[in-house]
Structures are given as structure tokens and as C-alpha cells.
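**Q** Got a structure for you, questions after.
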Amino acid sequence: SAPPLPAWAAAVRDLRPATAHELPAAYTYGLRFAVPLVEMPVHLPWLVGLFEAAGGLLRVVRIATLDQVLDDGWSELVVNCTGLAARELAQDPSVYPVRGQIVRVGNPGLTLSMRDEQHPAGRAYIHPRTEDCILGGTLDEHRWDTEVDVAEAASILARCTEIEPRLIGAEVLEHVVGLRPARPTVRVEESPTGPSQARLVHNYGHGGSGITLGWGCAEDVQRLAMAS
Numbered sequence: 140s141a142p143p144l145p146a147w148a149a150a151v152r153d154l155r156p157a158t159a160h161e162l163p164a165a166y167t168y169g170l171r172f173a174v175p176l177v178e179m180p181v182h183l184p185w186l187v188g189l190f191e192a193a194g195g196l197l198r199v200v201r202i203a204t205l206d207q208v209l210d211d212g213w214s215e216l217v218v219n220c221t222g223l224a225a226r227e228l229a230q231d232p233s234v235y236p237v238r239g240q241i242v243r244v245g246n247p248g249l250t251l252s253m254r255d256e257q258h259p260a261g262r263a264y265i266h267p268r269t270e271d272c273i274l275g276g277t278l279d280e281h282r283w284d285t286e287v288d289v290a291e292a293a294s295i296l297a298r299c300t301e302i303e304p305r306l307i308g309a310e311v312l313e314h315v316v317g318l319r320p321a322r323p324t325v326r327v328e329e330s331p332t333g334p335s336q337a338r339l340v341h342n343y344g345h346g347g348s349g350i351t352l353g354w355g356c357a358e359d360v361q362r363l364a365m366a367s
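Under the numbering used here, the residues of the sequence shown are numbered 140 to 367, in order.
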């Protein structure tokens, strides 16, 4: 019999078992569904453009404590979206890194994302974008190192080309290692501040699910910001 559906099944559109000709070689079962795929090099500048068009101003500064922005008289409300830095800035020891390594390759004409969370050599995913493909990847909790692991990169390429042979020979454009800002639960809440300070709302701990959780968390932040 088919495995039970995952917990997120009700949240996606057009969920169905993949047909035999849709599955990669050696696979006997898989699910197919429709979800948005966001290209961050395109999406993030678009979001910044919306912000600036609405009158927003970007300032790039380095801070050592949240008090520096709570006391600067520049804002009535501060939203703390500092990711891993919230470990120090919000004095929250529950924040921890989840190290991720990916390989960016040229796109040989793929349009369908695929992933195998149970691959014996490690999780595998293929996310085609307009000009390239993201191949992954690792999910290493509590690892702070950001050096590229050459053996892991080779393993990522091997398991992704096993799933999609059209990637064999694709030009390797870049190896990337990043740290996802994780926490046992996402923190979206207001913290008390001093009588002369700005209000403070926290919004961090999303791990690798920033896009998935971003809109809902933004709505929660807005609700807190508008509360009297």
C-alpha cells in the first residue's frame, strides 16, 4: 500500500501520486503537487522596491545591542529580524544555526522541482530557476562552519544527477554554504522596553522556511504593531 500522506498535504494544490513515467528511474512512489517557487535574487530586490516605493528608507549600520536602535529616537517601533544574530542581540540562547550546503549549476532546461528526503546518501533536491538550478543539500544542526565540504559537494551532485540525468555535465557555477537561523519555535512577540524607548517586536527563528512563513509572520507583526 502507498505510504501515508505527509502532514502538509492539505496545504498544497493538486496533490496526487506521480505516475510511473513521471518518476525518476528506480523510484516506485512519489507525490506531485503545485506550489510557488521563489527566486530570491529576483524576489528580494522586488520586495525592497515595494518598501522604498511606499516611502521606506534603508540604512545599513552595525549594532552591538538592540538598545542602540531602541534609544536612537529614530523609530517608534523596532522589529527585530536579525536571524542568527538574535542569539546575542536578543540574548536568546535557543537560537542555533542549521548549516546548509548547495551547488548552483547551469539549467539544462529543467522546469520541475524534485526532492527526495529519504535518499540513503542524504537529502536531495533540485530547484530549477530561470538561469540556473539549485542542487542540495545538507541540514546540519548546530554547525557554525561555512567552509565548502568538497566530498559533500560531490555527493550532492551524484545524488541529484541520479534523480535527474539531464544534470550530468551541467556547468558548476558556485558552491554555497549558509547558516539558517533556527529556533525550537519561531518567535513573533512583543517584548517590554524602557519608558523612553521604542516598542520592540521580535520576528526570527524561521530556519530554512523564511519564504514559507514570511507572509504569515509579517501579518502577525503588523497585528502586534497596530495594537495599542
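Glycine is no exception: its CB is placed at the ideal position from the N, C-alpha and C atoms.
Considering only the alpha carbon of each residue, which of T221, V187, E191, L144 lies closest to V340?
**A** Answer by Cα proximity: T221.
**Q** Name the DSSP beta bridge partners of Y235, please?
**A** Its beta-bridge partners are A321.
**Q** Taking a contact to mean a Cβ-Cβ separation below 8 Å, would you say R362 touches L312 in this structure?
**A** The answer is no: Cβ separation not under 8 Å.
**Q** If you draw a straight line from the alpha carbon of L274 to that of H266, how long is it in whole angstroms?
**A** Taking the straight line from one Cα to the other gives about 7 Å.
**Q** Is it the case that the Cβ atoms of H314 and A290 are separated by a distance below 8 Å?
**A** No, these two residues do not count as a Cβ contact at 8 Å.
**Q** Which same chain residues end up closer than 7 Å to G333 when comparing Cβ atoms and leaving out the 5 residues on each side of it in sequence?
**A** Nothing listed; no residue qualifies.
**Q** Using CA coordinates, which residue listed in V174, I295, G317, T277 is at the minimum distance from L251?
**A** Taking only the C-alpha atoms, the option nearest L251 is V174.
**Q** How is the alpha helix (DSSP H) around P267 delimited, first residue to last?
**A** Unbroken run through P267 is the beta strand (DSSP E), 263-267; no alpha helix (DSSP H).
**Q** Within this structure, are the beta carbons of R298 and G239 separated by less than 8 Å?
**A** Contact: no.
**Q** Based on the DSSP output, what are the partners of R125 in its beta bridges?
**A** Residue numbering for the chain in the displayed model covers 140 to 367; residue 125 lies beyond these limits and cannot be assessed.
**Q** Helix, strand or coil: how does DSSP classify Q240 here?
**A** Here Q240 sits in strand by DSSP.
**Q** Please determine, among P143, V199, L216, A146, the residue with the shortest C-alpha to C-alpha distance to Q336.
**A** Selected option, being the one with the closest Cα: L216.
**Q** At which residues does the alpha helix (DSSP H) containing R362 begin and terminate?
**A** Unbroken alpha helix (DSSP H) run through R362: 349-365.
**Q** Among A141, L186, P247, which one has its Cα closest to the Cα of R305?
**A** Among A141, L186, P247, the Cα nearest to that of R305 is on P247.
**Q** Between which two residues does the alpha helix (DSSP H) carrying A192 extend?
**A** Its alpha helix (DSSP H) spans residues 179-192.
**Q** What is the C-beta distance between Y343 and A225, in whole angstroms, given that I count them as a contact (C-beta under 8 Å)?
**A** Going by Cβ atoms, the distance from Y343 to A225 rounds to 5 Å, so yes, they are a contact pair.
**Q** Starting from R226, follow the alpha helix (DSSP H) in both directions and report where the run begins and ends.
**A** It spans 225-228 - the alpha helix (DSSP H) in which R226 sits, taken as one unbroken run.
**Q** Should H182 go down as buried or exposed, given a rule of 16 or more other Cβ atoms within 10 Å for buried?
**A** That one is exposed.
**Q** Does DSSP classify G222 as helix, strand or coil?
**A** DSSP places G222 in helix when its eight states are reduced to three.
**Q** Looking at the structure shown, is S330 part of a helix, part of a strand, or coil, going by DSSP?
**A** Strand at S330.
**Q** Give me, in chain order, the residues of the same chain whose beta-carbon lies closer than 6 Å to that of G169; leave out the 5 immediate sequence neighbours on both sides.
**A** The residues are A157, L162.
**Q** Determine the direct distance from the alpha carbon of A193 to that of L296, and round the result to whole angstroms.
**A** Going by the C-alpha atoms only, they are around 43 Å apart.
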